[in-house]
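Notes follow the structure.
Residue numbers (the working numbering), protein chains in the order written: chain A, 916 to 1190; chain B, 916 to 1190.
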C-alpha cells in the first residue's frame, strides 16, 4: 500500500474529475480534497468517482476561519464548519483540516488564541457524531495575522487538549513547522496524546513567491530535512498517509501526469525511506 | 530623555551624514547605525559627527553570518565580526546586533543551531575586552533558511546561556517575535538572566513586500499589539533605548524629516505610553 496521498491543491488548476482520474492512473490510492474544488462536481459525485477509482480520502481541507469578532460572523463560521464536517463524512474521510483564522487589526493575538479551544469544543461533538476528527493546523508564523493564529505544534496540542475532546488533533505539515526548535519533541508529544492526525510534506523554497501562500516547493527544492522530520513522525508509530501538499505555480503549470510523477519520485527518494 | 532611537535602516536611503543631522534636528538623541552606511563616511568621521550632534549610538548592526560550513569561510566570518566589534567600540556603542546566518541546502537546521554557542564563545572575549556585548537576534521564521537560524527568543536565550559568557545577550524585535506564544514569558526570562540588550519596534504589515525583508510597517500600520509587548519589556525594568527599525519602501520614499516625524508620532502614541 503506497503511503503517499496527493493533496488536491498540489494540482489545484486541474479540474476535480480529471484530478481524481490522474491520481488513480499514477497508481496511487489516496487523495486529500478541497471543498471548493469538490464543489465543481458536487460532493456526491466526487465521493462516487473517488470510490469507483479505488481511492480513499486522507483529509478534507478545510474547516476553520473561526476567529471572527462579531457573534453573527462567528455563528456563520460555525455553520459553515458543520457543513464541512458533513462533506468530510460524505466523502468518507475521518479528518477535517482546520485553519483556525487570523486577526483583525487591533486584536491581541493572545486573546484570539485564548478563545480557540472553546470554539473548537462547540464543533467537536458534531464532528464526533459524523466520525470526523478536527485536525488543528499550525501554520507558518508568516500567516499568523491573516490565516491561522496557531503558529506552533506545541500551541496546537495545547489547544486540542484544552478543547476537552479526545478526538481533536493536529496536522504536522513540514512547510509550517520545520523551523521550530521544539518540533521533534512536539511531534512525539502529539502522537503520545493520540492526536497526530495527518502528516503533510512540501519544501521551504526561496525566494518566497509574490503570493507567499504559493511558495511551497516540491520536496528536494528547498531547505527542509525530510529525513529528520519524517523519522520523528515514523518513530511515533504513525501509519497513516503522507500528503504531498504543494502550492506552487510551476507545479500547476505542468501537465498533471508529469506533476504527479515528479512529486511521486521525490516522495519515494526523500520521504518514503524514512517511514 | 527621549526613549526613542532611530535605526539607520528606517532611513536607509538617506546618506549617513544627512541621517545623523536629521535625527538631531528632530530632537532625538540616539541612533542605531549600520556598518555599510557608516562606511560611506568612515567610522572615525561618523563617530565624531554623532558626538558633535549630541547623539549616542544605541546599537551597531550587524555582526553574524557565522554559519558557513567551510573552515576558511568560517575564519573569514570571525575576522569580519572582530572588525564589527572594533567598529562598535569606535562608535561608542556597547551593543552589536548579531544576525547569526542561515543554512546551506542539505544542512540540518538543528545541527547548524547546535554549533552557534561555541562560535559565539570564540568571539565573546574579544567583544568583552572592547566593552561590547553581542546581542543575538532571533529573526522571524520566514528568515530561518537565509538569514538567521535563531527563530525564537527562547532559543536565543538558550544559545546566549550556552555560550558560557554573561555578556552575550538577546535583541527583542517586535517584528520577529510578535507571533510567538512564549514571547511574554521569554522576555521576562531574558531580562532575569541580565541579557535583554535591545528592544526594537516595527509593525507586521500585510501584504508582504516583494522583498519580504522590506515588509516592516510603521507602528500602527499592522497587527502587533505594542501595548502588550512594550508592557512586558517595561515590566522587566528595561530602561534602555527603543529602536524604531523599519525597512519599508514607502518610508524610504518620504523626505527624511517627514519620515522621522511620522515614526516619532507613532512611537509617542503606541509605544511610549507603555514604557
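A virtual CB, placed ideally from N, CA and C, is assigned to each residue, including glycine.
Here residue 977(B) is near residue 1011(B), since their CB atoms are less than 9 Å apart. Boundaries cannot be given for residue 916(B), as no alpha helix (DSSP H) includes it and DSSP labels it neither H nor E. Put simply, the backbone Cα of residue 1149(B) is about 36 Å away from that of residue 994(B).
A straight line joining the alpha-carbon of residue 1073(B) with that of residue 1101(B) spans about 11 Å. The beta carbon of residue 1078(A) does not come within 9 Å of any beta carbon belonging to chain B, so the residue lies off that interface. Residue 918(B) has its alpha-carbon roughly 26 Å from the corresponding atom of residue 1024(A). About 5 Å separates the CB atoms of residue 947(A) and residue 973(A); that is less than 8 Å, so the two are in contact. One Cα belongs to residue 935(A), the other to residue 1002(A), and the distance between them is close to 17 Å. Of the other Cβ atoms in all chains shown, 16 or more fall within 10 Å of the Cβ of residue 1009(B); this residue is therefore buried.
The beta-carbon separation of residue 1160(A) and residue 1120(A), rounded to 14 Å, does not stay under the 8 Å limit for a contact. When only Cα atoms are considered, residue 1187(A) and residue 1128(A) end up about 26 Å apart. Spatial neighbours of residue 1048(B) in its own chain (CB-CB distance under 8 Å, excluding positions within 5 residues in sequence) are listed in chain order as 1009, 1010, 1011, 1042, 1082, 1083, 1084 and 1112. Assignment of residue 1101(B) by DSSP, reduced to helix, strand and coil, places it in the helix class. DSSP places residue 1014(A) in the uninterrupted beta strand (DSSP E) bounded by 1010-1014. Counting C-beta atoms within 10 angstroms of its own C-beta, residue 1115(A) has 16 or more neighbours from the protein chains shown and is therefore classed as buried. Collapsing the DSSP output to three states places residue 1048(A) in a strand. When the beta-carbon positions are compared, residue 1004(B) and residue 1045(B) come within less than 9 Å of each other.
By the rule that beta-carbons nearer than 9 Å mark a contact, residue 1067(A) touches chain B. Taking a C-beta distance under 9 Å as the contact criterion, residue 939(B) and residue 969(B) qualify as a contact pair. One finds 1138 in chain B with Cβ atoms closer than 8 Å to the Cβ of residue 1018(A), taken in chain order. Within chain A, not a single residue places a beta-carbon under 7 Å from that of residue 1144(B); the smallest gap is close to 10 Å. Judged by DSSP secondary structure, residue 945(A) falls within the beta strand (DSSP E) whose first and last residues are 945-949.
Counting only Cβ-Cβ distances below 9 Å, residue 1032(B) has no contacts in chain A at all, with the closest Cβ about 13 Å away. Counting along the chain, residue 974(B) sits inside the beta strand (DSSP E) bounded by residues 971-979.
Minimum Cα-Cα distance from residue 1155(A) among the listed residues 958(A), 1137(A) and 1087(A) corresponds to 1087(A). Cβ atoms of residue 1000(A) and residue 1015(A) stay farther apart than 8 Å, at about 15 Å. Residue-level contact by beta carbon holds for residue 1057(A) and chain B, with a gap shorter than 9 Å. Rounded to whole angstroms, the gap between the alpha carbons of residue 1107(B) and residue 1146(B) is 15 Å. What residue 1127(A) touches in chain B, judged by beta-carbon distance under 7 Å, is 1123, going in chain order. Look at residue 1024(A): its C-beta is under 9 Å from a C-beta on chain B. Interface with chain A (9 Å Cβ-Cβ cutoff): residue 1060(B) is included. Along the region 1141-1188 of chain B, the alpha helix (DSSP H) occurs as fully enclosed runs of 4 or more residues at 1141-1150, 1164-1168 and 1171-1185, listed in sequence order. By the criterion of a C-beta distance shorter than 6 Å, residue 962(A) is surrounded in its chain by 1005 and 1006, once the five residues flanking it on both sides are discounted. Distance between residue 1021(A) and residue 1029(A), taken at the CA atoms: about 16 Å. Judged by DSSP in its simplified three-state form, residue 1085(B) adopts strand. Classified as exposed, residue 1079(A) has fewer than 16 neighbouring CB atoms from the shown chains inside 10 Å of its CB.
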